[in-house]
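Position 97 of the sequence shown, counting from 1, maps to 97 under the working numbering, and the rest follow consecutively.
For every residue, glycine included, the Cβ atom is placed at its ideal position computed from N, Cα and C.
Here is the structure we will look at.
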Amino acid sequence: MAQEAIEARVAALPAESRPLLECVGRTLRQDIYAERDNPPFDRVCMDGIAVNSEAMARGLRRYRIEATQAAGSPAQTLSVPENAIEVMTGAMLPVGTDCIIPLEEYELADGIVNIRDPVSAEPWRNVQRRGADSQPGVAMLLQGVRLGAPEIAVAASAGLARVEVSREPRFMVVSTGDELVDPGQPIAEHQVRRSNAYAVVAALRERGFGQVENDHIPDDGKLMQDRLARHLSRHDVLILSGGVSKGRFDLVPGVLKNLGVEEVFYQVAQRPGMPMWFGIGPAGQSVFGLPGNPVSTLVCLIRYVVPAMARAMGARPVEPEPVVLCSSVRSRHSFAYFLPVSVHHDESGRRNAVPRAPNGPGDFLALTEAGGFLELPPRSEPFPKGFVAQFYHW
Ligand code: AMP
Ligand code: MG
C-alpha cells in the first residue's frame with residue numbers, strides 16, 4: 001500500500017520551542033499541566049453583593065455595604081455577618097461571605113441594600129469554587145494535539161510564554177513542463193496554464209502550512225538536475241507535478257535517481273494518479289512525484305502527502321468520513337478509483353455522495369462542484385447505490 005510505504009519512510013520533524021502566538025495551528029510536542037488551581041480562588045460570577053448565607057437563613061434582608069471588592073484585588077474580609085460587600089464579576093470572594101446576590105435582586109440606597117423577596121441564598125450561589133475546572137498535576141493538554149484557539153488559551157492559562165511544537169515542514173512545490181505558463185503572462189495556443197502548482201500551494205496553505213515555496217522547471221535534464229539539487233538542500237519536502245509518466249520528456253524519475261534520491265515506489269494501482277512516484281532524499285527529504293494531470297495532482301496530494309505530513313508533525317491526520325453512494329458507479333477493476341463527489345445530508349443525517357466525475361483529467365472546473373473525492377477499492381463488479389466509501393475533502 002502506497003500510504004503505508006510513505007508513512008514508514010517520512011521522517012518525523014524535530015520539535016522546537018516557539019512563542020505561544022506563533023504556535024497557532026501547530027502540533028504540541030509536550031504535555032501541559034495546570035500552573036495552579038483553576039479557578040485559582042473562589043471566584044465571584046455575578047456583579048452584586050457578597051453576603052453570609054447564614055445571615056440570610058436567619059431572615060436578614062437589609063444589609064449595610066461596608067466595602068467594594070473589585071476583580072484583581074486581594075480578598076477583603078467582612079467584619080460582621082449583618083453587613084455585605086459589593087462585588088464585581090471575576091473578583092475574589094470576600095472572606096466571611098459565601099453567597100452572591102446579583103444586583104437585579106435588591107434595591108440599593110445610601111449604602112443600604114434591601115433584598116427583594118423571595119431570594120435564594122444557598123451557600124456558594126454564584127461562586128465558582130477554587131480548582132473546579134482543573135488542578136495542578138493533572139495534564140490539561142497532551143502532546144500531539146493541534147493548537148487551536150481553546151488550546152492556546154489553556155497554554156496561556158498554564159503560564160507558558162513558549163511551548164514545544166513540531167517544526168513546520170519546508171515545502172518546495174515544483175511544476176515541470178515546457179508547455180506551462182503562469183497566470184498573468186501572455187499565452188499561445190499550444191501552451192497551458194500552470195494551474196497545478198497553484199492548487200498544491202493553496203491546499204497546503206489552507207491546511208495551515210506556512211513554509212510553502214514554488215518553482216517551475218522546464219523539461220531539460222541538466223537544468224532540472226541543478227534546480228532540484230538546490231531545492232533538496234533547502235527543503236524538507238519536494239512536491240513535483242508532471243514529468244513522471246513514461247514519455248520521452250518525463251525526466252523526473254531519472255533526475256531524482258542521479259541526485260541520490262532513493263525510489264521507494266513508482267506507480268500505484270489507482271485511477272487517476274497511476275504514475276505517482278515517491279522517494280527519500282540523501283538527507284531524509286521526502287520527494288513526491290505527482291502526475292501532471294490536474295485532477296491526479298490534487299487527489300494524490302490530499303490522499304497521500306497531506307496525511308503523511310500531519311504524521312511527520314506528530315499530529316493525527318484528519319480521518320476520511322464514511323459516506324453513502326447515491327447512485328451506482330462503474331468500478332476500475334484492479335485499480336482503486338478516486339471519484340470526485342459532492343456530499344449532501346438527508347433528514348436522517350446520512351451523508352450521501354453524488355458523483356461529479358470530471359470530463360477528463362484536466363477538468364478542474366468539475367472539482368469546484370465537488371467537496372472532495374471518494375476512494376473506491378479495486379473490485380470487478382460495479383459499486384451499487386448505498387455502497388459506503390471514504391470521503392476526503394479537497
Ligand atoms: P505530464 O505528467 O508532465 O505528462 O503532464 C500530464 C498532463 O498534465 C499534460 O497535459 C500537462 O500539460 C498537464 N500538466 C502538467 N503539469 C501541469 C501543471 N502544473 N498545471 C496544469 N497542467 C499540467
Ligand atoms: Mg510534462
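Helix, strand or coil at residue i [DSSP, three-state]
| i | result |
| --- | --- |
| P102 | strand |
| T368 | helix |
| G386 | coil |
| E381 | coil |
| S328 | coil |
| S166 | strand |
| E408 | Nothing can be reported for residue 408, as the shown portion of the chain is limited to 1 through 394. |
| V10 | coil |
| M309 | helix |
| V154 | helix |
| V80 | coil |
| V192 | strand |
| V244 | coil |
| R36 | coil |
| L409 | No answer is possible for residue 409: the residues shown for the chain start at 1 and end at 394. |
| V95 | strand |
| E375 | strand |
| E179 | coil |
| L238 | strand |
| R271 | strand |
| V299 | helix |
| E321 | strand |
Cα-Cα separation between residue i and residue j, rounded to whole angstroms
| i | j | result |
| --- | --- | --- |
| P272 | V163 | 41 Å |
| R58 | Y33 | 43 Å |
| M88 | L141 | 31 Å |
| L93 | I85 | 10 Å |
| R170 | L325 | 38 Å |
| D117 | D133 | 33 Å |
| D346 | S233 | 51 Å |
| N293 | G90 | 59 Å |
| A283 | W277 | 18 Å |
| R205 | S331 | 33 Å |
| R144 | C300 | Checking the sequence shown, residue 144 turns out to be Gly, not Arg. So the two alpha carbons sit approximately 25 Å from each other. |
| E168 | L103 | 51 Å |
| Q267 | G131 | 57 Å |
| L365 | H216 | 23 Å |
| S342 | Y198 | 22 Å |
| R36 | V138 | 10 Å |
| P19 | S53 | 46 Å |
| Q285 | E179 | 28 Å |
| A153 | D226 | 46 Å |
| E261 | R379 | Before going further, note that residue 261 is Val rather than Glu in the sequence given. Looking at the two C-alpha atoms, the distance is approximately 34 Å. |
| E321 | Y392 | 7 Å |
| Y106 | V44 | 17 Å |
| Q191 | D182 | 10 Å |
| I302 | W394 | 7 Å |
| F373 | P355 | 9 Å |
| N352 | S327 | 9 Å |
| D236 | G184 | 30 Å |
| P136 | R129 | 15 Å |
| S175 | F249 | 14 Å |
CB contact check: residue i to chain C, cutoff 7 Å
| i | result |
| --- | --- |
| E82 | The chain labelled as chain C is not found in the depicted structure, where only one protein chain is given. |
First through last residue of the alpha helix (DSSP H) which encompasses residue i
| i | result |
| --- | --- |
| D226 | 221-234 |
| S17 | Premise fails: S17 lies in the beta strand (DSSP E), 15-19, not in any alpha helix (DSSP H). |
| Y198 | 195-206 |
| N258 | 252-258 |
| S53 | 53-57 |
Where the beta strand (DSSP E) through residue i begins and ends
| i | result |
| --- | --- |
| A84 | 83-87 |
| Q69 | 62-69 |
| S342 | 336-345 |
| R351 | 351-355 |
| F265 | 262-266 |
| M172 | 171-176 |
| E213 | 212-217 |
List in chain order: all unbroken beta strand (DSSP E) runs of 3+ residues lying wholly within the segment 112-151.
-> 112-115, 139-141
Segments of 3+ residues assigned as beta strand (DSSP E) that fall wholly inside the segment 273-297 = 277-280, 286-290
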